[in-house]
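Written below as structure tokens is the structure these notes are about.
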Amino acid sequence: MKVNSGLPYCSICVKAYIRSRHFMETQYHVRVYIYSIISIQSFMLLAGTAAFVHSSSFSSEVGKCNLDSDYDNHPKRVSAPCSWKFLMESYFEKHDSLMDSDIQAFFVHELHPATCEVIQQNLNSLLRMSVLHRNLIGEGSHRHLFSFLKFNVLSEATFELPAHFCEAIIIERLPHGIFADPFELQHLIERGVFVDAAVFGDTNLELPSVLSNRSIVEVHVDIGNNFLATNKEGVEIKLELPLHARYPPLDGSGYSEVEINKPNLFVHCSVNEPLQQQDCLWLLIDESTQLKTSTIVWRIPSGNEKHVKVVSLVTFTVALLSTLLIVLTSIYSSHVNKY
């Protein structure tokens, strides 16, 4: 009788123990799920930070002068002094400002080109820019800035010039909200599209427009050997620069507009004869040049301010329901596995 009377009590104890065990296992599954979410988010944050550091490091190295690199051994590379690898590098050695007026003043008044005795004429008397056409190719937030340049050789004295090699240097001063990817430019260099290229200024590819600063892209394009003496019908340069839009701030119209002004153009020539080895640099465009272009306007899609409350409410509701569904599924799954 004593044994039989103890059976119901033992049965209740077993059921209570099972319920307690199920509750503890459910809590364990919920904790594992929460820890997994936190771990994934932490990993993504660390990965993003590492990518940012690598991107910034790469971008800064692109603009530096490396005497040990294969830069001077490039088959299309002008044999220029190391300090001339990038013109903007010399600007940032003296200035921190990214204002157009400061950059333009540096080009006109502070950038002193080397004396060029072998080409004594001013290049502006040898060349005239007849066409400068620019437009954006593509749609959305990833587009190409297309530039078409044509130069006419005017002076007959160019036939007497020594052997030389020249390249065009295009400097694009990008506004807030637009950037060029240094990795993409490096790929174009490897394919031979550009002789060289560098990004200066804000090289963080992840920042939205409101937190970013301006950047400047310097591109070197091959013109060819003896182009001043042989290209009497003109020299044409076609350039496509890949650009990307940052996330713009909210706008009532659903679009954010940025303006891209005309670039600064230089011609850099190198004379490599045994008794004459010189480098010559000319600023090719000034304010008096008549250009067939206007300021380019890029309309970037942005979030609409009128939709902020609706989007926020829907996002919060979906996230909450998804979390509850995962927790309930975990609880139900633990009960099914036990029975």
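Counting from 0, one number per residue, gives the positions in the sequence shown under numbering that gives the first Met the number 0. Yeah, the Cβ is synthetic: ideal placement off N, Cα and C, and Gly gets one too.
- The Cβ-Cβ distance between Pro300 and Ser140 falls below 8 angstroms.
- Counting of Cβ neighbours within 10 angstroms places Ala244 among the buried residues, the total reaching 16 or more.
- Inside the stretch 203-259, DSSP marks whole alpha helix (DSSP H) runs of 4 or more residues at positions 226-229, from first to last along the chain.
- DSSP, read as helix, strand or coil, puts Asp195 in strand.
- Residue environment analysis places Ser311 among the exposed positions, since fewer than 16 neighbouring C-beta atoms fall within 10 angstroms of its C-beta.
- Of the residues assessed, Pro247 falls on the buried side of the cut-off, its CB having 16 or more other CB atoms within 10 angstroms.
- When C-alpha distances from His132 are compared across Cys279, Leu110, Thr322, Glu235, the shortest belongs to Glu235.
- Under the DSSP definition of a beta bridge, Val296 partners with Glu258.
- Annotation: Ile169 to Val307 spans about 41 angstroms, alpha carbon to alpha carbon.
- Between Val296 and the set Tyr254, Gly302, Leu280, the nearest pair of CA atoms involves Tyr254.
- Apart from sequence neighbours up to five positions away, the residues of its chain that approach His143 with a beta-carbon distance below 8 angstroms are Leu135, Ile136, Gly137, Glu239, Leu240, Pro241, Leu242, ordered along the chain.
- The Cβ-Cβ distance between Pro181 and Val257 does not fall below 8 angstroms.
- Spatial neighbours of Cys268 in its own chain (CB-CB distance under 6 angstroms, excluding positions within 5 residues in sequence) are listed in chain order as His163, Cys165, Cys279.
- Residue pairing of Ser146 in beta bridges, as defined by DSSP: Arg133, Leu238.
- In this structure, the beta-carbon distance from Phe265 to Leu148 does not fall below 8 angstroms.
- The three-state secondary structure of Glu183, taken from DSSP, is helix.
- Taking C-alpha positions only, Asp95 is separated from Ile259 by approximately 21 angstroms.
- Out of His219, Ala104, Lys84, Ser321, the CA that lies nearest to the CA of Phe193 is found in His219.
- In the DSSP assignment, Phe164 falls within the unbroken beta strand (DSSP E) covering 163-173.
- In this structure, Ile222 lies away from Glu171, with their beta-carbon atoms at least 8 angstroms apart.
- Listed as beta-bridge partners of Val152 by DSSP are Leu126.
- Taking 8 angstroms as the cut-off, the Cβ atoms of Gly176 and Leu97 do not count as close.
- The straight-line gap separating the alpha-carbon atoms of Ile325 and Asp250 is approximately 36 angstroms.
- Take the alpha-carbon of Val209 and the one of Ser333: they are about 48 angstroms apart.
- Remark: C-beta atoms of Leu126 and Phe150 approach each other more closely than 8 angstroms.
- About 18 angstroms separates the beta carbons of Ala167 and Val198, which is beyond the 8 angstroms limit, so they are not a contact pair.
- If you look at Asp101, you'll find it in the alpha helix (DSSP H) that goes 99-104.
- Spatial neighbours of Asn224 in its own chain (CB-CB distance under 6 angstroms, excluding positions within 5 residues in sequence) are listed in chain order as Phe164.
- Restricting attention to Leu187, Arg190, Ser252, Val152, the CA atom closest to the CA of Arg298 is found in Ser252.
- Around the Cβ of Glu109, a 10 Å sphere holds fewer than 16 other Cβ atoms; the residue is exposed.
- Residue burial is scored here from C-beta neighbours: Lys84 has at least 16 other C-beta atoms within 10 angstroms and is therefore classed as buried.
- Boundaries of the alpha helix (DSSP H) harbouring Glu88: 86-91, taken from the DSSP string.
- The three-state reading of DSSP puts Leu110 in coil, since its state is none of H, G, I, E or B.
- The beta carbon of Glu217 is closer than 6 angstroms to those of Phe85, Met87, Ile170, Ala197 in its chain, skipping five residues each way along the sequence.
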